[in-house]
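Structure first, then comments.
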Amino acid sequence: MHFTLSDLVLDVAQNAAEAHSKRVRVQIEETEKRFYFSVQDDGKGMDRESLQRALDPFYTDGTKHPGRKVGLGLPFLVQTAEQSGGGWNIQSEPGKGTTVAGWFDLENVDCPPVGDIPGLIRTILLLPGPEEWILYRSLVRQGRRIEYEVRRSELENVLGNLEEGENLILLDQYLRSQETEE
Numbered sequence: 000m001h002f003t004l005s006d007l008v009l010d011v012a013q014n015a016a017e018a019h020s021k022r023v024r025v026q027i028e029e030t031e032k033r034f035y036f037s038v039q040d041d042g043k044g045m046d047r048e049s050l051q052r053a054l055d056p057f058y059t060d061g062t063k064h065p066g067r068k069v070g071l072g073l074p075f076l077v078q079t080a081e082q083s084g085g086g087w088n089i090q091s092e093p094g095k096g097t098t099v100a101g102w103f104d105l106e107n108v109d110c111p112p113v114g115d116i117p118g119l120i121r122t123i124l125l126l127p128g129p130e131e132w133i134l135y136r137s138l139v140r141q142g143r144r145i146e147y148e149v150r151r152s153e154l155e156n157v158l159g160n161l162e163e164g165e166n167l168i169l170l171d172q173y174l175r176s177q178e179t180e181e
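Going by the numbering used here, the sequence shown opens with residue 0, and the numbers climb by one from there.
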């Protein structure tokens, strides 16, 4: 089981990065009552049979993690979403990519905490693989909406290498500033 919803999002984003994607879009929307995310990639995709196997916790193709006997990412998403009064959807087509979405009732006693969203976004931006990461965030607090979008390419143009210490600190400060009301 994942400790936070952010952990689930990171797991799905990492799968997208490992699917030979050139571009991945992550959408994270949160209100006081609901958390929604989607990860859309243009990677290798899956046919119907592969998707069914990916939903089986006792299946792994053995190529991504040699020696592993289980693949729990998507099964954990499904279980957590259903247990917390939410749902999920996966659409995939070979050669075109995959979209994974999950939504959760934040008032449900079985819903994990949301977690550190700015930290999640920073971590996703540093994942290797895709040429471009696009992250959209919408947050509603006390009836006020905060929205922002970040692209890895734009951040690299401004900051340079995102993995350098000072740039990583600036990136973290920037992302955290986007989450606060003006």
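Ideal Cβ placement from N, Cα and C applies to all residues, glycine included.
Keep in mind that this is a model prediction, so the values were computed, not measured.
Can you tell me whether residue i is buried or exposed? The criterion is at least 16 other CB atoms within 10 Å of its CB, across all chains shown.
i, result
"Asn-156", "exposed"
"Ser-152", "exposed"
"Gly-42", "buried"
"Phe-2", "exposed"
"Gly-24", "It should be noted that the sequence gives Arg, not Gly, for residue 24. Arg-24 comes out buried."
"Gly-44", "buried"
"Gly-94", "exposed"
"Ile-27", "buried"
"Ile-123", "buried"
Tell me the DSSP secondary structure of residue i in three-state form.
i, result
"Leu-134", "strand"
"Asn-88", "strand"
"Ala-18", "coil"
"Thr-34", "Residue identity differs from the one stated: residue 34 is Phe in this sequence, not Thr. Strand."
"Glu-178", "coil"
"Phe-103", "strand"
"Gly-72", "helix"
"Glu-148", "strand"
"Gly-118", "helix"
"Thr-97", "strand"
"Val-157", "helix"
"Thr-3", "coil"
Are the beta-carbon atoms belonging to residue i and residue j less than 8 Å from one another?
i, j, result
"Arg-175", "Pro-112", "no"
"Leu-138", "Ile-145", "yes"
"Ser-83", "Asp-46", "no"
"Val-77", "Phe-36", "no"
"Ile-120", "Leu-134", "yes"
"Phe-34", "Leu-73", "no"
"Pro-129", "Arg-22", "yes"
"Arg-80", "Asp-40", "Per the sequence shown, residue 80 should be read as Ala rather than Arg. No, the Cβ-Cβ distance between Ala-80 and Asp-40 is not below 8 Å."
"Gly-85", "Gly-101", "yes"
"Glu-163", "Leu-125", "no"
"Leu-50", "Ser-20", "no"
At the level of alpha carbons, what is the spacing between residue i and residue j?
i, j, result
"Arg-136", "Glu-48", "32 Å"
"Asn-88", "Arg-150", "25 Å"
"Phe-103", "Asn-160", "35 Å"
"Arg-140", "Gln-177", "13 Å"
"Glu-29", "Val-11", "18 Å"
"Leu-158", "Asn-166", "6 Å"
"Gln-13", "Ala-53", "15 Å"
"Asp-115", "Thr-98", "23 Å"
"Gln-75", "Gln-172", "The amino acid occupying residue 75 in the given sequence is Phe; Gln does not appear at that position. Their backbone Cα atoms lie some 31 Å apart in a straight line."
Would you list the residues sitting across from residue i in a DSSP beta bridge?
i, result
"Val-25", "Val-38 and Leu-134"
"Ser-139", "According to the sequence provided, residue 139 is Val. The question's Ser does not apply to it. In DSSP, Val-139 forms a bridge with Arg-144."
Using a Cβ-Cβ cut-off of 8 Å, state whether residue i counts as contacting chain D.
i, result
"Glu-28", "Given the protein chain composition of this structure (a single chain), no chain D is represented."
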